[in-house]
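K.L.:
Take this structure, written in structure tokens, and hold onto it; I'll ask about it next.
Numbering (our numbering), first residue to last: 1324 to 1916.
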């Protein structure tokens, strides 16, 4: 899941230069005058240098001979990812153990700090600062998890706080206080007396649901300026060969390609880079891919039966189960049909004791609609059957907009429902095997003005970032519902929004229409958990996403909205949704993580 520099660079791992001296001389004969491609070995340079980064070790190949480097790689700890970088002649190293190690399919880039110029324009809505507290460290791990990266072990930040060769920067949202991005830098001069005075950039990550554009660029610039102030000569990084948005970001900042390489061990974390991928794997959406990856780690056979539709078959130990993303053969047709019709779902959960909003079905009786609207003041219109937020209108207050919303919902399903509008936030609770696995607050899509750009363009920019973060699954529609939401704020698509002003562009918080989700699993009120579990038991469905509207996820008040028989498990990382799902299908299977 690699994203561009404005959103998330979860696997834009960063590295540097290379080589023992006799190899380096050969490279330098090919370089233009004054160009240095790697640190020369000197009497003061430390030997066999490794650096613990919490997620694994960095092995600085220029300080090893090949045999010693291979020995270190073989000492990789379980569930870690060691990286040997600055490997000048990877083919030689690979020849020593081709069954154990592989060449990382990444490109190395270098920024010359002697010619780098800082950008004077301040960041809007984001503060870039040094890591300061244990809370910051926990937030960094949350960003890593959201980006699909290996997380740092809990004790690492406290044990490495005084390591002067490591620098951590975080991006903090000024409005919410949340950490939404991070970057790590390594000072090679401080680490091993690097005669080239080099540095490297690692683990650039921006949360996929961060609102502000350009966060990745701001983090890279901050680190470059930090190392420039230390008098270092260059910053190196490594990025996957096919991560075009990230490469464009680095090239924009004047990074240039250098012929340096990284080598890794063949382990479960790296499997996708050296093993033959499943046929049609790339065509799967992120929700199916997450489960396929987890099954593969456990040694479960995967057969992709329809990649475009998200269908695959998992087989293990004589058991075979067909799935469509998180919907499996364990979900009965009866349970699925209950979830499919929102009116039936409401009746089933009402009988189970859940609190539901007042509801009627739209019909030809205009007086009944007027009376319902007058009684509640504000209503929600939704198709009785449908998914991914299509046809839903929230906060209807006039008969004119009500009739328009009913017509739009009628294009999705011939039966349309009206519900009393409960003021609150949208809470999704994912239940697997009738137990809560993840809870997240879903928020409607919002954009932030810059004083120059029309709302239409801001939405399109946000949509591109959401599409990149979700593998094309999320985009803000430019439709009548968006126009209605803007009109209620005396705005239009062509309005230029004031600098720093943030607005909601749709009221529905569905992720497929541009909404975002924020994990609250640890703080959700027990009564809400019990309500979700009761709903799952009433429907008799083993995997389900229960949607509630709540005043606050830490409080007990709620109303039930709907049940989703195919919840997107990828939206709830770092919670172990895929692990629990595969364990439900194949009890006793063990993860390779």
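For each residue, glycine too, the CB sits at the ideal point set by N, CA and C.
Quick caveat, the model's predicted, so the values are computed rather than measured.
Could you tell me the alpha carbon to alpha carbon distance between residue 1609 and residue 1887, rounded to whole angstroms?
P.N.:
Position 286 of the chain shown, counted from the first residue, corresponds to residue 1609. Position 564 of the chain shown, counted from the first residue, corresponds to residue 1887. Using only the alpha carbons, I get a separation of about 17 Å.
K.L.:
Should residue 1752 go down as buried or exposed, given a rule of 16 or more other Cβ atoms within 10 Å for buried?
P.N.:
On the chain shown, residue 1752 is found 429 positions in, with the first residue counted as 1. Looking at its Cβ environment, which holds 16 or more other Cβ atoms inside 10 Å, residue 1752 is buried.
K.L.:
Cβ of residue 1581 within 7 Å of Cβ of residue 1429?
P.N.:
Counted from its first residue, the chain shown places residue 1581 at position 258. Counted from its first residue, the chain shown places residue 1429 at position 106. No, these two residues do not count as a Cβ contact at 7 Å.
K.L.:
Taking three-plus beta-carbon pairs below 8 Å as touching, is the segment 1636 to 1643 in contact with the segment 1902 to 1914?
P.N.:
yes
K.L.:
Pick out whichever of 1707, 1700, 1705, 1740 has its Cα sitting closest to the Cα of residue 1722.
P.N.:
Position 399 of the chain shown, counted from the start, is the residue given in the question as residue 1722. Among 1707, 1700, 1705, 1740, the Cα nearest to that of residue 1722 is on 1700.
K.L.:
Taking C-alpha atoms, which residue in 1384, 1865, 1486 lies nearest to residue 1659?
P.N.:
By 1-based counting over the chain shown, the position of residue 1659 is 336. Nearest C-alpha to residue 1659: 1865.
K.L.:
Taking the alpha-carbon of residue 1825 as reference, which of 1451, 1902, 1535, 1393 has the nearest alpha-carbon?
P.N.:
Indexing the chain shown from 1 puts residue 1825 at position 502. Nearest C-alpha to residue 1825: 1535.
K.L.:
DSSP three-state label for residue 1868, please.
P.N.:
Indexing the chain shown from 1 puts residue 1868 at position 545. Looking at residue 1868 - three-state DSSP - the assignment turns out to be strand.
K.L.:
Return helix, strand or coil for residue 1540, following the three-state DSSP convention.
P.N.:
Position 217 of the chain shown holds residue 1540. Helix at residue 1540.
K.L.:
Taking C-alpha atoms, which residue in 1787, 1854, 1463, 1510 lies nearest to residue 1495?
P.N.:
Start at 1 with the first residue of the chain shown, and residue 1495 comes out as number 172. That would be 1463, whose Cα lies nearest to the Cα of residue 1495.
K.L.:
What are the boundary residues of the beta strand (DSSP E) that residue 1684 is part of?
P.N.:
Residue mapping note: residue 1684 aligns to position 361 of the chain shown, counting from 1. Element bounds for residue 1684: 1682 to 1684.
K.L.:
Please classify residue 1526: is it buried, with 16 or more other beta-carbons within 10 angstroms of its beta-carbon, or exposed?
P.N.:
Your numbering for residue 1526 matches position 203 in the chain shown. By the neighbour-count rule (16 or more Cβ atoms within 10 Å), residue 1526 is buried.
K.L.:
Quick check: what's the CA-CA separation for residue 1691 versus residue 1896?
P.N.:
The sequence position of residue 1691 within the chain shown is 368, counting from 1. The sequence position of residue 1896 within the chain shown is 573, counting from 1. The straight-line gap from Cα to Cα measures roughly 44 Å.
K.L.:
Going by CA-CA distance only, name the one from 1435, 1704, 1769 that's closest to residue 1579.
P.N.:
Residue 1579 sits at position 256 when you count from the first residue of the chain shown. Considering only alpha carbons, the answer is 1435.
K.L.:
With distances taken Cα to Cα, identify the nearest neighbour of residue 1514 among 1810, 1386, 1838, 1773.
P.N.:
Numbered from 1 along the chain shown, position 191 holds the residue referred to as residue 1514. For residue 1514, the closest of 1810, 1386, 1838, 1773 by C-alpha to C-alpha distance is 1386.
K.L.:
Please return the same chain residues whose Cβ sits closer than 8 Å to the Cβ of residue 1662, not counting the five positions on each side in sequence.
P.N.:
As a working note, residue 1662 is residue 339 in the chain shown. Closer than 8 Å at Cβ, skipping near neighbours: 1668, 1862, 1864, 1867, 1885, 1886, 1887, 1888.
K.L.:
For the alpha helix (DSSP H) containing residue 1515, name the first residue and the last one.
P.N.:
Within the chain shown, residue 1515 is the residue found at index 192, counting from 1. Note, residue 1515: alpha helix (DSSP H), 1511 to 1515.
K.L.:
Verify whether the separation of the beta carbon atoms of residue 1898 and residue 1761 is less than 7 Å.
P.N.:
Working through the chain shown from its first residue, we reach residue 1898 at position 575. Working through the chain shown from its first residue, we reach residue 1761 at position 438. Yes, Cβ-Cβ distance for residue 1898 and residue 1761 is below 7 Å.
K.L.:
Quick one: using the 10 Å Cβ neighbour count with 16 as the cut-off for buried, is residue 1785 buried or exposed?
P.N.:
For the purposes of this step, residue 1785 is taken as residue 462 along the chain shown, with counting starting at 1. It is buried - the Cβ of residue 1785 has at least 16 other Cβ atoms within 10 Å.
K.L.:
Taking the alpha carbon of residue 1757 as the point to measure from, which residue in 1653, 1396, 1817 has its own alpha carbon closest?
P.N.:
Position 434 of the chain shown holds residue 1757. When each option's Cα is compared against that of residue 1757, the closest is 1653.
K.L.:
Of all the options 1671, 1407, 1790, 1858, which has the alpha carbon lying nearest to the alpha carbon of residue 1568?
P.N.:
Looking up residue 1568 in the chain shown gives position 245. Selected option, being the one with the closest Cα: 1790.
K.L.:
Quick one, which of 1745, 1442, 1838 has its alpha-carbon nearest residue 1575's?
P.N.:
Counting from one through the chain shown, the residue named residue 1575 turns up at place 252. That would be 1442, whose Cα lies nearest to the Cα of residue 1575.
K.L.:
By DSSP's criteria, residue 1845 is part of a beta bridge. Which residues make up the other side?
P.N.:
Sequence index remark: in the chain shown, residue 1845 carries index 522 (1-based). Bridge partners of residue 1845: none, in fact.
K.L.:
Classify residue 1836 as buried or exposed, calling it buried when 16 or more other Cβ atoms lie within 10 Å of its own Cβ.
P.N.:
Stepping through the chain shown from its first residue, residue 1836 is reached at position 513. Buried is the call here.
K.L.:
For chain C, is any of its Cβ atoms less than 7 Å away from the one on residue 1648?
P.N.:
The structure shown contains no chain C, having only a single protein chain.
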